[in-house]
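Under our numbering, read the sequence shown as residues 109 to 217, first letter to last. Please read the structure below before turning to the comments.
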Amino acid sequence: CGQGKYSAVSATGCTDCATGKYSAATAAACTACEAGKSQGSTGQSTCGDCVQGKYSGGTGATACTDCEAGKYQSNTGTASCLDCGQGKYSAVSATGCTDCATGKYSAAT
């Protein structure tokens with residue numbers, strides 16, 4: 109079988125890997141995407157890194173999850189988001205935190 113497909117023992121043909129999984133050529137099974145990666149299409153040979161502002165905390169993700177407000181992620185391919193520190197804030201899917209304006213505050217999360 110080609111990349112993105114697998115053939116189980118005694119199978120007569122090849123089957124596409126499901127979403128959240130991938131395979132190299134001649135695979136007997138598909139492999140779940142690692143944490144920090146996802147694959148939203150069937151029949152793929154690789155999983156893609158989560159972009160900045162998103163994460164994938166477990167294996168087999170079909171899509172990466174947005175960092176929630178008050179958290180951020182400036183790197184790609186990560187399994188979690190980081191908390192904004194005291195006196196800082198962020199919106200959903202942030203790649204960094206912003207200092208609170210004068211006279212405003214944000215408690216540590």
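Even for Gly, the Cβ is constructed at its ideal location relative to N, Cα and C. Quantities reported herein were computed from a predicted structural model and do not represent experimental measurements.
Through-space distance from residue j to residue i, alpha-carbon basis
i	j	result
T227	G168	The chain is shown only over 109 to 217; residue 227 falls outside these bounds and no answer can be derived.
T170	C138	14 Å
A209	A187	30 Å
Q181	S118	45 Å
A116	E142	22 Å
A136	D207	51 Å
D157	G110	22 Å
Per DSSP, the bridge partner or partners of residue i
i	result
S146	G156
A140	K129
Y180	L190
Y197	T206
Residue burial classification, residue i (beta-carbon count within 10 angstroms, cutoff 16)
i	result
Y114	buried
K162	buried
Integer-rounded CB distance, given that residue j should sit under 8 Å from residue i
i	j	result
G144	S164	5 Å
V159	E176	Contact flag wrong, Cβ pair sits at about 16 Å.
Y130	S153	6 Å
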